[in-house]
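Reading through the structure tokens given below for one structure.
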Amino acid sequence: MQTPPDTAPEGTPVIEMRGVNIGSLMNPKVTMLEGVDWTVQAGEFWVIAGMQGSGKSDLLSTAAGLISPQGGEYRLFGNEMPIFEGPLLKERLRIGLVFDGGQLFHHLTVGENVALPYRYHKGLSIQEAEPRLREVLKLTGLEDWAGSTPGAIGRNLKKRTGLARALILEPEVLLLDNPLGGLDLRQTSWWLGLMDQLAKGHEFLKGRPTTLVVTTDDLRHWRGRPKQFAILQEKRFVALGNKPEEAMAAHPIVKELLAEELPDI
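In terms of full-length UniProt numbering, the sequence shown has 52 at position 52, counting the first letter as 1, and numbering is strictly consecutive.
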């Protein structure tokens, strides 16, 4: 598939961390992860697992450029991070972050939440943003909920709203914090299916494959799926390759994260 202009070719490093110390999003003086060495190449699909409080959200927030690393070197699309201002700020729009729970503005409707970054960065009115908004709401199954406020919808729809808000800017790299947490089997199946479509190249993104990084505290749904895996343990980032089961002997926490068997989805 031909790569669209200004898109990182498959296999090109898009996220590069060397000896990075990750601070807490809530308290940047607290160190959550130490010495992270991690490279994500365009077209890859990473699953990063860890127990609650292991630093998953903090890692993604740093990768998205929301907080600065405490130390080490981090490059996004070859540009040294963090970038908070200047002409390179547009590079951060090439990466999208979906927070656990959506992190929505409760005084705005679902549709207004989704359209907000698109209108802001494109300088559009709500009427001008409407065609693209309708497309992303259809993609995420939110058409019937566009006029609802976050307080009137459940956890799954809040997560989908956060996803739609990230997708409307057509990011090349999509970071999803615990997307399957708290979902039933039907909802989980929907998310797994859409993520696989995005990774392969969805028509909403003009067929361009999306580089994906997801976090989880439960690896069961990811067994048998050809992804790159890593765990966060004792403030360390440990890459496992594409078969986490083979790492159980060396890293007992993997066995805990794989836990009990689930029905196939």
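Yeah, the Cβ is synthetic: ideal placement off N, Cα and C, and Gly gets one too.
| Asked | Found |
| --- | --- |
| Residue range of the alpha helix (DSSP H) that Leu185 falls in? | 185-200 |
| Find the nearest neighbour of Pro145 within the set Asp218, His202, Ser68, Leu108, judged by alpha-carbon distance. | Residue 145 is actually Trp in this sequence, not Pro. Answer by Cα proximity: Leu108. |
| Which term fits Gly111, buried or exposed, when burial requires 16 or more other beta carbons within 10 angstroms of its beta carbon? | buried |
| Given that a residue counts as buried once 16 or more other Cβ atoms are within 10 Å of its Cβ, and exposed if not, what is Pro171? | buried |
| If we ignore side chains and look at the alpha-carbon of each, how far apart do Thr215 and Pro131 end up? | 31 Å |
| Given a cut-off of 9 Å on the beta-carbon distance, is the pair Leu33 and Arg236 in contact? | yes |
| Please list the segments of the beta strand (DSSP E) lying wholly inside the stretch 10-83, counting only runs of 3 or more residues, in order along the chain. | 13-23, 31-41, 45-50, 71-76 |
| Just reading off the beta strand (DSSP E) that Ile95 is part of, what are its end residues? | 95-98 |
| Go ahead and pull the three-state DSSP assignment for Gly141. | coil |
| Tell whether a beta-carbon distance below 9 Å holds between residue 267 and Thr12. | Limits of the chain in this structure are 1 at one end and 265 at the other, which puts residue 267 out of reach. |
| Less than 7 Å between C-beta atoms, sequence neighbours within five positions excluded: which residues of the same chain meet that for Arg94? | Phe77, Pro171, Glu172, Val173 |
| With Thr216 as the anchor, note down where its beta strand (DSSP E) starts and where it stops. | 211-216 |
| Shortest alpha-carbon distance to Val30 belongs to which of Phe45, Val14, Asp58? | Asp58 |
| Secondary structure at Gly111, three-state DSSP: helix, strand or coil? | helix |
| With which residues is Arg236 paired in a DSSP beta bridge? | Gln233 |
| Would you check if the stretch 187-204 and the stretch 110-130 touch, i.e. whether three or more CB-CB distances between them fall below 8 Å? | no |
| Can we say the stretch 60-74 touches the stretch 174-183, given the rule of at least three CB pairs closer than 8 Å? | yes |
| Report the residue from Pro9, Trp38, Asn27, Gln233 whose alpha carbon sits nearest the alpha carbon of Val20. | Trp38 |
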